[in-house]
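Enquirer: This is the structure I want to talk about, given as structure tokens.
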DNA sequence: ACGCTAGGTGTACGGTGTACACCTGTCAAG
DNA sequence: CTTGACAGGTGTACACCGTACACCTAGCGT
């Protein structure tokens with residue numbers, strides 16, 4: 012009890028506190044605001060102090076991602092493998108959506124930390140428990156790609172931050188006409204996506220819908236291959252390229 | 012002809028020359044080496060000179076990506092829509108593999124340049140020409156995600172650059188045992204992937220195979236939905252979430 | 001009482017993107 | 001032929017970044 016007599020002595024830094032501060036900063040101001048200097052300022056400490064608890068900035072971001080992974084939930088036991096995978100992934104999605112910077116952070120990560128491996132292991136285990144062959148599980152996890160982290164790589168959304176503040180209606184009409192002339196097919200599918208409401212063509216898509224659509228498309232494909240007893244025969248085709256032979260498994 | 016009398020007058024910068032220099036630099040030394048200063052040095056010019064031809068660094072990278080997109084090839088006419096899409100995507104893949112930095116560049120791009128829109132339009136047009144509904148095309152393109160650029164988002168490869176140069180065999184064995192204990196399922200699928208050869212578990216995967224596997228899995232799923240006359244009914248489920256209803260379409 | 005050490009400090013370096021003022025060579029209009 | 005605008009290359013400067021390195025200092029085990 013005689014430890015903290017000096018009550019203006021602030022509690023010492025730890026790796027955990029540094030990471031939490033970085034996450035809080037990213038939550039509030041985005042990943043770009045996470046600099047060593049900013050995080051240090053947030054902790055009332057000089058920038059170089061962080062290096063006593065974090066190897067470098069790269070590892071700091073790794074640790075931030077690990078914290079997010081820590082928020083992933085285990086699905087209830089006794090579920091169908093397909094449903095169990097679905098819930099794992101959708102739980103990951105919820106966590107990533109809670110931390111909007113996480114998508115970008117994950118995309119730039121290259122290091123497989125124990126937390127990352129742990130999640131991958133749990134996911135692989137869920138597939139394997141469903142009876143899928145390790146071979147098939149491997150390829151399916153590749154096919155899921157970033158989707159296992161709860162987001163799909165998108166070049167559709169991410170509304171760019173207001174270049175020209177307010178194009179006049181006629182300018183907008185001219186731009187629209189130009190767009191329709193040059194990119195008719197994009198316009199066509201965008202129209203379908205918004206069910207005819209072209210007010211804001213760009214920023215329209217229902218990301219949740221798209222995510223679940225793709226996820227189920229892939230899981231369903233996996234189930235079909237599993238039922239058909241698919242194996243990656245890897246028949247060499249002479250042009251040096253193995254062909255998966257996916258079609259018509261069901 | 013009396014124009015370039017002074018033969019030591021170097022030809023003037025253009026936006027195209029700046030972009031080409033940036034691409035060459037990235038090809039040779041990676042995207043990280045592409046700084047305004049480096050590109051300027053490559054052109055024998057002062058850094059600020061670039062700003063007369065490129066709005067800022069962000070646009071410069073946009074332009075670099077556009078150059079890569081310019082290398083994408085049109086598929087031969089008269090093909091099945093599925094095969095035509097496949098070839099478009101695989102052509103994109105070849106271009107991206109020619110420029111190893113392009114994957115990373117594309118992933119960080121948010122702006123839809125005319126070149127980007129043009130490619131998306133061509134791809135959408137290929138689907139539509141096959142008779143797929145705009146609705147389905149929209150969702151399928153979402154599901155393909157980054158794959159339409161010829162790469163799948165991977166957290167498996169990207170071998171980290173040699174942290175500990177040479178762990179002793181016994182250290183390696185100990186690490187292996189630890190790994191097997193903590194991540195048995197990852198080990199299992201990695202073993203399957205390398206067909207039992209665990210020499211280099213990490214850097215093993217045949218990326219070409221994985222890419223084509225996933226691409227065909229998705230295209231085949233799309234074809235199945237198309238044949239079944241799938242429409243995104245979007246039946247509201249009360250929990251505020253539309254459910255795609257993908258399964259069992261064929 | 002002593003010295004080790006974990007951990008916070010201060011300074012410094014080389015890199016980044018880019019704002020801004022400046023110069024200069026070319027060309028069209030008077 | 002002169003002039004003046006202007007496109008385009010220059011130089012300087014600023015704020016920020018990650019981090020190497022030397023330093024100090026408080027607390028602890030011996």
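Residue numbers (this note's numbering), protein chains in the order written: chain A, 12 to 261; chain B, 12 to 261.
Beta carbons: idealized from backbone N, C-alpha and C, even for Gly.
1. Going straight from the alpha carbon of residue 193(A) to that of residue 111(B), what length do you get?
2. Using alpha carbons as the reference points, say which of 201(A), 197(A), 162(A) lies closest to residue 224(A).
3. When the Cα of residue 304(A) is compared with those of 96(B), 243(B), 36(B), which residue comes out closest?
4. Give me the chain B residues within the contact set of residue 124(A), using Cβ-Cβ distance strictly less than 7 Å, ordered along the chain.
5. Pick out whichever of 84(B), 206(B), 148(B), 117(B) has its Cα sitting closest to the Cα of residue 102(B).
6. DSSP state of residue 262(A), grouped into three classes?
7. Is there contact here, the region 196-203 of chain A with the region 126-137 of chain B, by at least three beta-carbon pairs under 8 Å?
8. Run down chain B in chain order and give the residues with a C-beta less than 9 Å from the C-beta of residue 185(A).
9. Output yes if chain A places a C-beta closer than 8 Å to the C-beta of residue 75(B); else output no.
10. Are three or more beta carbon pairs between the region 109-126 of chain B and the region 31-48 of chain B nearer than 8 Å?
11. Excluding sequence positions up to five away, which residues of its chain have a Cβ less than 6 Å from the Cβ of residue 122(A)?
12. Return no unless some Cβ of chain B is closer than 8 Å to the Cβ of residue 85(A).
13. Residue 229(A) and residue 154(A) look like a contact to me (Cβ under 8 Å); what is the Cβ gap, rounded to whole Å?
14. In chain order, what residues of the same chain have a beta carbon less than 6 Å from the beta carbon of residue 141(B), not counting five sequence neighbours either side?
15. Just to confirm the assignment: which complete alpha helix (DSSP H) runs, minimum length 4, are found wholly within the region 110-149 of chain A?
16. Using the beta-carbon of each residue, which ones in chain A are nearer than 8 Å to residue 232(B)?
17. Enumerate, from N- to C-terminal direction, the unbroken alpha helix (DSSP H) stretches of 4 or more residues contained entirely within the region 30-72 of chain B.
18. Listed from N- to C-terminal order along the chain, which residues in the region 48-72 of chain A have their beta-carbon within a distance smaller than 7 Å of any beta-carbon of chain B?
19. Would you say residue 86(B) and residue 99(B) are within 8 Å of each other, going by their C-beta atoms?
20. With residue 202(B) as the anchor, note down where its alpha helix (DSSP H) starts and where it stops.
21. In chain order, what residues of the region 142-163 of chain B put their CB closer than 9 Å to some CB of chain A?
22. Which one of 201(A), 144(A), 157(A) has the shortest CA to CA distance from residue 234(A)?
23. Can you confirm whether residue 41(A), when its beta carbon is compared against all beta carbons of chain B, has any partner nearer than 8 Å?
24. Grab the span of the alpha helix (DSSP H) containing residue 220(A) for me, first residue to last.
25. Among residues of its own chain, excluding the 5 on either side of residue 60(A), which ones have a beta-carbon nearer than 7 Å to its beta-carbon?
26. Judging by CA-CA distance, which residue of 150(B), 159(B), 204(B), 164(B) is the nearest neighbour of residue 159(A)?
27. Can you pull the chain A residues whose beta carbon is under 8 Å from the beta carbon of residue 197(B), in chain order?
28. Please decide whether residue 118(B) counts as near chain A, where near means a Cβ-Cβ distance under 8 Å.
29. Under 7 Å from any heavy atom of the ligand SAH, does the C-beta of residue 182(A) make it?
Expert: Let's see:
1. For this step, residue 193(A) is matched to residue 182 along the first chain. For this step, residue 111(B) is matched to residue 100 along the second chain. When rounded, the distance between both Cα atoms is 30 Å.
2. Working through the first chain from its first residue, we reach residue 224(A) at position 213. Per the Cα distances, 162(A).
3. Any answer about residue 304(A) is impossible in this case: the structure gives chain A only from 12 up to 261.
4. Taking the first chain and counting its residues from 1, the one referred to as residue 124(A) is at position 113. Going along chain B, no residue has its Cβ under 7 Å from residue 124(A), so there is no contact; the nearest lies around 11 Å.
5. By 1-based counting over the second chain, the position of residue 102(B) is 91. For residue 102(B), the nearest C-alpha among the options comes from 84(B).
6. Given that chain A is displayed from residue 12 to residue 261, the structure contains no residue 262(A) and the question cannot be resolved.
7. Contact between the region 196-203 of chain A and the region 126-137 of chain B is present, because at least three Cβ pairs lie under 8 Å.
8. Mapped onto the first chain, residue 185(A) falls at position 174. Neighbours of residue 185(A) on chain B: none; closest Cβ ~15 Å, over 9 Å.
9. As a working mapping, residue 75(B) is identified with position 64 in the second chain. The beta carbon of residue 75(B) does not come within 8 Å of any beta carbon belonging to chain A, so the residue lies off that interface.
10. Counting Cβ pairs under 8 Å, three or more are found: they touch.
11. Stepping through the first chain from its first residue, residue 122(A) is reached at position 111. Closer than 6 Å at Cβ, skipping near neighbours: 73.
12. On the first chain, residue 85(A) is found 74 positions in, with the first residue counted as 1. At least 8 Å separates the CB of residue 85(A) from every CB of chain B.
13. Working through the first chain from its first residue, we reach residue 229(A) at position 218. Working through the first chain from its first residue, we reach residue 154(A) at position 143. Taking C-beta atoms under 8 Å as the contact rule, residue 229(A) and residue 154(A) qualify, at a distance of about 6 Å.
14. Counting from 1 along the second chain, the entry for residue 141(B) is found at position 130. 92.
15. Complete alpha helix (DSSP H) runs here, min 4: 113-119, 125-140.
16. Stepping through the second chain from its first residue, residue 232(B) is reached at position 221. The answer, in chain order, is 228, 229, 231, 232.
17. With a minimum length of 4 residues, the continuous alpha helix (DSSP H) runs that stay inside the region 30-72 of chain B are 47-53.
18. Listed by position, the residues of the region 48-72 of chain A near chain B (Cβ gap below 7 Å) amount to none.
19. Position 75 of the second chain holds residue 86(B). Position 88 of the second chain holds residue 99(B). Yes, the pair counts as a contact, with Cβ atoms nearer than the cut-off.
20. Translated into positions along the second chain, residue 202(B) becomes position 191. Under the DSSP assignment, residue 202(B) falls in the alpha helix (DSSP H) whose first and last residues are 195-204.
21. Against chain A - using a Cβ distance shorter than 9 Å - the residues of the region 142-163 of chain B are 144, 145, 146, 147, 148, 149, 150, 151, 152, 153, 154, 155, 156, 157, 158, 159, 160, 163.
22. The residue given as residue 234(A) occupies position 223 in the first chain. Cα-wise, what sits closest to residue 234(A) is 144(A).
23. The residue you call residue 41(A) lines up with position 30 of the first chain. Contact of residue 41(A) with chain B is not assigned, every C-beta pair being separated by 8 Å or more.
24. Your numbering for residue 220(A) matches position 209 in the first chain. It spans 218-238 - the alpha helix (DSSP H) in which residue 220(A) sits, taken as one unbroken run.
25. For the purposes of this step, residue 60(A) is taken as residue 49 along the first chain, with counting starting at 1. Exclusion of the five residues before and after residue 60(A) leaves 24, 51 as the residues of its chain whose Cβ lies within less than 7 Å of its Cβ.
26. Residue mapping note: residue 159(A) aligns to position 148 of the first chain, counting from 1. That would be 164(B), whose Cα lies nearest to the Cα of residue 159(A).
27. Taking the first residue of the second chain as 1, we reach residue 197(B) at position 186. Residues of chain A whose Cβ lies closer than 8 Å to the Cβ of residue 197(B) are, in chain order, 128, 131, 132, 135.
28. Translated into positions along the second chain, residue 118(B) becomes position 107. It does; some Cβ of chain A falls within 8 Å.
29. Among the components of this structure there are no ligands whatsoever, and the ligand SAH is therefore not found.
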